[in-house]
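Read top to bottom, the protein sequences are chains H and Y. Here the numbering used here is used: the first residue of the first sequence is 1, the next is one more, and so on. Here the numbering used here is used: the first residue of the second sequence is 193, the next is one more, and so on. Cβ atoms here follow ideal geometry from the backbone N, Cα and C, with glycine treated the same way. Remarks on the structure that follows.
2 protein chains.
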Amino acid sequence: MNHPTRKEQILAVAETLFREKGYLATSMRDIADGLNMKGGGSLYAHIKGKEELLAHIANTAADAFFAAHESAPQQGLSALEKLYEAMIAHMLVITAHLSAAAVYFDEWRHLGEPSRSAFLERRDAYESKFRILIKNGITTGELAPADDRLATLHVLSAMNAIRHWYKPNGRLSADQIAEVIAGMLLDGLKRR
Amino acid sequence: MNHPTRKEQILAVAETLFREKGYLATSMRDIADGLNMKGGGSLYAHIKGKEELLAHIANTAADAFFAAHESAPQQGLSALEKLYEAMIAHMLVITAHLSAAAVYFDEWRHLGEPSRSAFLERRDAYESKFRILIKNGITTGELAPADDRLATLHVLSAMNAIRHWYKPNGRLSADQIAEVIAGMLLDGLKRR
DNA sequence: GTCTATATAATGATAGAC
DNA sequence: GTCTATCATTATATAGAC
């Protein structure tokens with residue numbers, strides 16, 4: 001990380017610009033500018049094309065979500081607690097990688113095939129982990145009997161939405177936000 | 193509505209395409225195609241340019257949110273009930289105008305100035321109505337004492353996220369979804 | 001009001017000098 | 001590896017015939 005390769009530098013700039021302006025509104029010249037290069041042409045010594053950047057960023061983000069999910073505490077926890085930990089881990093990936101998250105959630109749709117389908121399969125596989133956690137909570141009785149499909153969509157989309165308003169140097173830390181949002185969401189699902 | 197003007201037809205097609213592909217990925221030729229026109233040039237007999245379409249759709253969506261908010265039941269309701277009714281009204285605007293909602297929430301950023309700032313001011317004004325409702329609920333003690341800024345961001349962004357997964361002919365009706373989501377969100381905010 | 005043709009600008013990507 | 005120059009394509013928007 002202290003000595004990023006040129007390709008890593010390109011990816012970092014692309015990620016930031018894709019979030020700030022969107023993939024289509026970001027030109028290869030814009031990316032080159034961010035690296036103090038004089039024209040877009042030099043980039044092609046390091047990458048095959050613009051879409052390779054998009055695919056790489058989207059898949060790296062997916063890696064981060066999977067890794068965080070697998071690293072979340074599980075041992076000796078109730079279904080509800082496991083869900084809570086997975087939610088915290090998920091939101092901390094978003095807040096720690098805001099630009100990558102923008103690609104993961106919004107800009108992926110500019111991927112061509114087959115990258116697009118491959119990405120969506122990974123995303124679906126990841127999201128189904130949350131549905132299982134929620135179903136388990138309903139089974140154990142910790143969560144209210146509910147439409148687990150709808151509950152999963154709600155929980156995921158509410159967590160993901162923090163990408164739209166979280167500010168890295170804002171009033172509340174990422175940890176605080178993650179805890180409060182997870183708490184509110186789980187209180188909305190609990191048996192009462 | 194039974195006899196839409198040509199301009200209204202153009203706006204309807206543009207709205208749909210802006211949601212499906214995004215504003216930048218939608219060409220004037222695409223819009224003309226959707227109206228069985230032979231080339232993008234004919235559109236300019238009815239509109240000044242592409243961005244006029246974007247601004248018009250975004251502001252019409254804003255009109256719909258304001259109108260629904262003002263029409264929501266208020267008389268004789270508690271703070272919590274008023275919030276609930278406003279949430280239902282908000283989500284039903286989204287589900288009834290999915291394409292316009294995509295512009296309102298996502299594509300507005302491609303507006304140039306001064307349309308962009310004017311739109312954001314209207315959106316902020318609308319969103320602050322929800323913050324007031326939530327603050328009132330905290331004051332009356334119906335909602336748990338909490339960070340009202342964070343609670344408002346959470347409630348708004350969770351409601352708005354249904355645009356990403358609601359399907360008009362899906363398993364659950366818009367009314368069902370709005371009621372369940374509003375219920376879960378409010379349960380997450382209530383004093384317990 | 002719609003058509004065809006076109007002006008103008010920007011894009012992703014390539015070629016070749018250094 | 002970066003530069004400059006450039007190609008091919010596509011975009012918004014305009015002009016003028018019908």
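Per DSSP, the bridge partner or partners of Leu196/H: The structure shown does not extend to residue 196/H, since chain H is modelled only from 1 to 192, so the question has no answer here.
Using the C-alpha atoms, what's the distance from Ala217/Y back to Arg323/Y? 35 Å
In the DSSP output, which residue or residues are listed as bridge partners for Lys135/H? BP columns for Lys135/H are empty, so no partner.
Run down chain H in chain order and give the residues with a C-beta less than 8 Å from the C-beta of Ile369/Y. Leu150
With 16 as the cutoff for other CB atoms within 10 Å, does Arg355/Y come out buried or exposed? buried
Give me, in chain order, the residues of the same chain whose beta-carbon lies closer than 8 Å to that of Lys334/Y; leave out the 5 immediate sequence neighbours on both sides. The displayed chain sequence assigns Glu, not Lys, to residue 334/Y. Closer than 8 Å at the Cβ level, and outside the excluded window around Glu334/Y, lie Ser270, Ala271, Leu272, Lys382 and Arg383.
For Leu275/Y, three-class secondary structure by DSSP: helix
For the alpha helix (DSSP H) containing Thr5/H, list its first residue and its last residue. Counting along the chain, Thr5/H falls outside any alpha helix (DSSP H), and DSSP gives it neither H nor E.
In the stretch 321-382 of chain Y, which residue ranges form an unbroken alpha helix (DSSP H) of at least 4 residues, counting only runs that do not cross its ends? 340-352 and 366-381
Contact criterion: CB-CB distance below 8 Å. Does Val372/Y meet it with respect to chain H? yes
So with Cβ pairs under 8 Å, would you call Ser349/Y a contact of chain H? yes
Just mark Thr344/Y as buried or exposed, buried being the case when its beta carbon has 16 or more other beta carbons within 10 Å. buried
Are the beta-carbon atoms of Ala293/Y and Ala259/Y separated by less than 8 Å? no
Counting only Cβ pairs nearer than 8 Å, list the residues of chain Y close to Gly22/H. Gly214, Leu216, Arg301 and His302
Counting only Cβ pairs nearer than 9 Å, list the residues of chain Y close to Asp63/H. Correct list: empty, because the minimum Cβ distance to chain Y is about 22 Å.
Checking contacts by CB at 8 Å: is Asn361/Y closer than that to chain H? no
Name the two residues that bound the continuous alpha helix (DSSP H) containing Ile57/H. Lys50 to Ser71
Put Ser78/H into one of helix, strand or coil per three-state DSSP. coil
What three-state label does DSSP hand Asp225/Y in the structure shown? helix
Evaluate contact between the stretch 80-89 of chain H and the stretch 43-60 of chain H, counting only Cβ atoms and requiring at least three cross-stretch pairs below 8 Å. no
Counting pairs of Cβ atoms below 8 Å between the stretch 293-313 of chain Y and the stretch 207-223 of chain Y, do you hit three or more? yes
How would you call His97/H, buried or exposed, if buried means at least 16 neighbouring beta carbons within 10 angstroms? buried
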